[in-house]
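Right, one structure below, let's go through it.
In the numbering used here, the protein residues as written are 876 to 982.
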């Protein structure tokens, strides 16, 4: 659910028998339903639950993706970005969320 809420086609396409085109279709069709469920069971980020005023989903997705590319697990990265979102305030862009997220992970 988090991969769909974060619109992460790469994660969805890792499922057996799911290629890039099928993953894109899955994300497109389920993105409206995913935010309601994302993070409910595991406590990780759900866009509907975590978005502050003035913050678009793209910076959050970019920040989580950047932290994952640095070697952090998706859950840890999502939790760090969630904390960064609270600390950074309104209008936070991806670079600010990444900086605050890295500070959170360094603690």
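Just so it is clear, CB atoms sit at the ideal spot from N, CA and C, and this is done for glycine as well.
Query: C-beta atoms of residue 881 and residue 936 nearer than 7 Å; Result: yes
Query: Own chain residues within Cβ distance below 6 Å of residue 980, not counting five before or after; Result: 955
Query: Boundaries of the alpha helix (DSSP H) in which residue 961 is found, first to last residue; Result: 949-963
Query: Residue 972 classed as buried or exposed, judged by whether at least 16 other C-beta atoms fall within 10 angstroms; Result: buried
Query: Three-state secondary structure (DSSP) of residue 891; Result: coil
Query: Selection from 945, 891, 960 and 890 that minimises the alpha carbon distance to residue 933; Result: 960
Query: Short Cβ contact (7 Å threshold) for residue 884 with residue 899; Result: yes
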